[in-house]
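Under UniProt numbering, the final residue of the sequence shown carries the number 245; numbering is consecutive throughout. For glycine and all other residues, C-beta sits at the position ideal for the given N, C-alpha and C. These numbers come from a predicted model, not from an experiment. What follows is one structure encoded as structure tokens, with my remarks underneath.
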Amino acid sequence: MDAFSSDPAPVVAAIARRRPAGGRNLEHFALSSPHARFYQAVDELRRRFHGTFGPETVQAVVVDVFTELALTARITTHLPVLAARHAHERLATAARSQGATMTTTAAVPEVLFVCVHNAGRSQMAAALLAHHAAGAVRVTSAGSAPADSINPAVREVMVEIGLNLDTEFPKRLTTEAVEAADVVITMGCGDACPVFPGKRYIDWELTDPAGKTAEQIRPIRDDIDTRVRHLLAELTGTPTRATTS
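Here it is in structure tokens:
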């Protein structure tokens, strides 16, 4: 049996070392009985990325993501599974940036949306493109200075059109994420993105929804929806209907 499923101590110890003074009891989160699924998921990550990343690298990513989430999560019931999911995304992105081919991933274009806090514009854009593309495009988002959580008013206006952001959270912009993407779309933070040859960079001038009401954010959402649909048609040759119509 793999070390993660039989002995969670290495992961818990690593999480404990990451805990800031006076921070949340992350060891409690990691050792809670419902979190056995967490270690099963980490086992799966080790098997999934065997030959691409060593177990130490997988553990480091899991600890990083788990700590990032645990320090800001208001509801922790699904935290372990959510952490495993986002650890998978981060490892897959790093693998693609290194040219590794993931057996379950088709050769589809990848779009990275980047804004400052990854709490509003880029989250809406990623959710809308993922919805319209239905698997035809791989979508990620990140922030140059990620916030602690997604703007509640942004969540509200997305729920209005049937898109729930409850499992999303602001993520750090990494060199690997940019390198793995085919198209990088920035929203007010283009200077923060590493530049790689062969990538397509687009800057969308969009109003920042920070501090705005749901009523004020709806036009921003609709503007993003229009841009996303045009982008998808360009990438796949397939027109789509507006989400908000």
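Return yes when the Cβ of V81 is within less than 8 Å of the Cβ of Q123, no when it is not. Residue mapping note: residue 123 aligns to position 123 of the sequence shown, counting from 1. Residue mapping note: residue 81 aligns to position 81 of the sequence shown, counting from 1. Contact: no.
Smallest Cα separation from A127: which of I185, L165 and D203? To locate residue 127, count along the sequence shown from 1; it is residue 127. Of the listed residues, the one whose Cα sits closest to A127 is L165.
In three-state terms, what does DSSP make of S122? As a first step, residue 122 is located in the sequence shown; it is residue number 122 there, counting from the start. The answer is helix: DSSP assigns S122 an H, G or I state.
Spatial distance of G188 from L69 (CA atoms): The residue given as residue 188 occupies position 188 in the sequence shown. The residue given as residue 69 occupies position 69 in the sequence shown. Straight-line Cα distance between these residues: approximately 25 Å.
Bridge partners of T140, per DSSP? The sequence position of residue 140 within the sequence shown is 140, counting from 1. In DSSP, T140 forms a bridge with L112.
Proximal residues to R138 (C-beta, below 6 Å), its chain only, five neighbours per side dropped: Within the sequence shown, numbered from 1, the residue matching residue 138 stands at position 138. Result list for R138: V108 and E110, in chain order.
Among the residues of its own chain, which have a CB less than 8 Å from the CB of L232, if the five just before and after it don't count? In the sequence shown, counting from the first residue as 1, residue 232 sits at position 232. Cβ within range, chain order: L129, H132, A133, A136, V137, T238 and T240.
So for V184, helix, strand or coil by DSSP? Position 184 of the sequence shown, counting from 1, holds the residue named residue 184. In this structure, V184 counts as strand in the three-state DSSP scheme.
So, at 6 Å on beta carbons, what are the nonlocal neighbours of N25 in its own chain, with the 5 sequence-adjacent residues on each side left out? By one-based count along the sequence shown, residue 25 stands at place 25. In this prediction, N25 scores a pLDDT of 48, lower than 50, which makes its location untrustworthy; the coordinate-derived value is nonetheless stated afterwards. Here the set comprises nothing.
Nonlocal neighbours in the same chain, by C-beta distance under 6 Å from V144, ignoring five residues either side: Mapped onto the sequence shown, residue 144 falls at position 144. The sequence shown places Ser at residue 144, rather than the Val named in the question. Closer than 6 Å at the Cβ level, and outside the excluded window around S144, lie V116, L173, C189 and A192.
Step through the CB atoms of chain B and report whether any lies within less than 8 Å of the CB of G54. Of the chains in the structure shown, none is chain B; there is only one protein chain.
S141 beta carbon less than 8 Å from that of F169: Mapped onto the sequence shown, residue 169 falls at position 169. Mapped onto the sequence shown, residue 141 falls at position 141. No, the Cβ-Cβ distance between F169 and S141 is not below 8 Å.
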